[in-house]
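One structure is given below, encoded as structure tokens.
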Amino acid sequence: MTTTRTIAIANQKGGVGKTTSAINLAAALAERGQKTLLVDLDPQGNASTGLGLEVSARKYTTYDFLFSEINPSEIIITTQHENLSVIPATTDLSSADIELMSRARRSFLLHDALRHPHVKDAKYDYILVDCPPSLNLLTINAMVAAQSVLVPLQAEFFALEGLSQLMLTVRELRETANAGLRIEGILLTMFDRRNNLAQQVEADARANLGDLVLRTMIPRNVRLSEAPSYALPVLSYDSTSKGAIAYRNLATELLVKHSKLQPEGAAQ
Ligand code: ADP
Ligand code: MG
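Below, the structure written as structure tokens:
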């Protein structure tokens, strides 16, 4: 039996590496043979663009997935990358937050949509949800649908400040809509080892948050910022770049944690 792990990639701050992590973690998991679905839940649709889906190719979107009766088989797009599918987003999702407010199950629409038999039958190993830069109802939907939240954190001054609000939201959801919700990990992004401030942020994060901080850190790497304009994950754009290696390491760290892979060096 496949157990699907649904991970919300969230941080209400913009520009911290959510979308970059969604695209490249999804690609790295897919490369490891994990059947992966990336749900673009940001009206900006950057994850969809980054994976090469032209706006004109987005016939149906996350909006339809949440609000319509259209069969997910028509909504989910199989990409050119093996094991990697996407539900794309367009700006039509920007009205979703307000529309959700008047709904009875306003926090559960994504949760319910992912329970559709077509999605269940696809037996995804991983479903990653790229959240908008806000703790709005879309992000709440992701956190209610997910088992865990992956929090990209840019290693800069004030990085830890916004985190308490996010942690509070996770705690509240645990008491209300999603008792099993966990923090998958805090992922330090755009990390520059030579930068004293980045080192200080890492030290503070590890001292205050302990094991919640993932061992893998994503370095600042220009290849990561170039890849989307070539409509490719960095793993395909420059397979041996530091960025590609870091996201492969992140996939390995998560796969080991989820017991889908033996730790390196462990007895087989
Ligand atoms: P978010 O989704 O949180 O708003 P993005 O993933 O879109 O953040 O990243 C914001 C910007 O920073 C983008 O231009 C992206 O290409 C760039 N970026 C993200 N991660 C890195 C990195 N590790 N190194 C260099 N540039 C990065
Ligand atoms: Mg984004």
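Going by the numbering used here, the first residue of the sequence shown is number 57, and it counts up by one from there.
Beta carbons are placed, not taken as given, at the ideal position from N, Cα and C, and that holds for glycine.
Cβ-heavy atom distance, residue i to the ligand MG, below 7 angstroms
{"i": "T75", "result": "yes"}
{"i": "N102", "result": "yes"}
{"i": "D186", "result": "yes"}
{"i": "D98", "result": "yes"}
Own chain residues within Cβ distance below 6 angstroms of residue i, not counting five before or after
{"i": "L85", "result": "T92, Y182, A307"}
{"i": "G101", "result": "A145, T146"}
{"i": "R304", "result": "A84"}
{"i": "G71", "result": "none"}
{"i": "G106", "result": "I79, P284"}
Nearest residue (CA-CA) to residue i, options the options
{"i": "H167", "options": "A83, P289, L193", "result": "L193"}
{"i": "A300", "options": "Q255, A78, T59", "result": "A78"}
{"i": "A254", "options": "M273, N264, H174", "result": "M273"}
{"i": "E138", "options": "H172, Q90, V175, V95", "result": "Q90"}
{"i": "G222", "options": "F247, I196, S297", "result": "Per the sequence shown, residue 222 should be read as Leu rather than Gly. Answer by Cα proximity: I196."}
{"i": "R279", "options": "S204, F164, L156, M246", "result": "M246"}
{"i": "R271", "options": "E212, L310, Y286", "result": "L310"}
{"i": "I65", "options": "M157, G266, G106, C187", "result": "C187"}
{"i": "Y116", "options": "P128, R88, G108, E217", "result": "P128"}
{"i": "V312", "options": "L291, K298, R88, F123", "result": "R88"}
{"i": "A82", "options": "F164, A169, T134, E231", "result": "T134"}
{"i": "I239", "options": "R249, A263, V200", "result": "V200"}
{"i": "S204", "options": "L184, L219, A211, S190", "result": "L184"}
{"i": "G108", "options": "V290, S297, S315", "result": "V290"}
Check: residue i C-beta below 7 angstroms from any heavy atom of the ligand ADP
{"i": "N264", "result": "no"}
{"i": "S150", "result": "no"}
{"i": "R276", "result": "yes"}
{"i": "M246", "result": "yes"}
{"i": "G71", "result": "yes"}
{"i": "A67", "result": "In the sequence on display, residue 67 carries Asn and not Ala. Yes, the ligand ADP has a heavy atom inside 7 angstroms of this Cβ."}
{"i": "P208", "result": "yes"}
{"i": "S297", "result": "no"}
{"i": "S281", "result": "yes"}
{"i": "P289", "result": "no"}
{"i": "P284", "result": "yes"}
{"i": "P144", "result": "no"}
{"i": "P189", "result": "yes"}
8 angstroms CB neighbourhood of residue i in its chain, flanking five on each side removed
{"i": "Q324", "result": "Because the pLDDT of Q324 is 46, which lies under 50, any placement of that residue in the model is unreliable, and the number read from its coordinates should be weighed accordingly. Closer than 8 angstroms at Cβ, skipping near neighbours: Q318."}
Residue(s) in a DSSP beta bridge with residue i
{"i": "Y182", "result": "R61, T92"}
{"i": "L107", "result": "L107 is not bridged to any residue."}
{"i": "T134", "result": "S141"}
{"i": "L206", "result": "I65, G241"}
Close beta carbons around residue i, own chain, < 7 angstroms, minus the five adjacent residues each side
{"i": "A215", "result": "L209, V257"}
{"i": "T59", "result": "none"}
{"i": "S104", "result": "D96, R114, V142, P144, A145"}
{"i": "Y119", "result": "D148, L149, A152"}
{"i": "L265", "result": "I242"}
{"i": "D294", "result": "R279, A300"}
- 3 or more residues per run - each beta strand (DSSP E) lying fully within the stretch 233-288: 238-245
- Task: Within the stretch 154-203, note down every full alpha helix (DSSP H) run reaching 4 residues or more, in order along the chain.
- Result: 165-169, 173-177, 193-201
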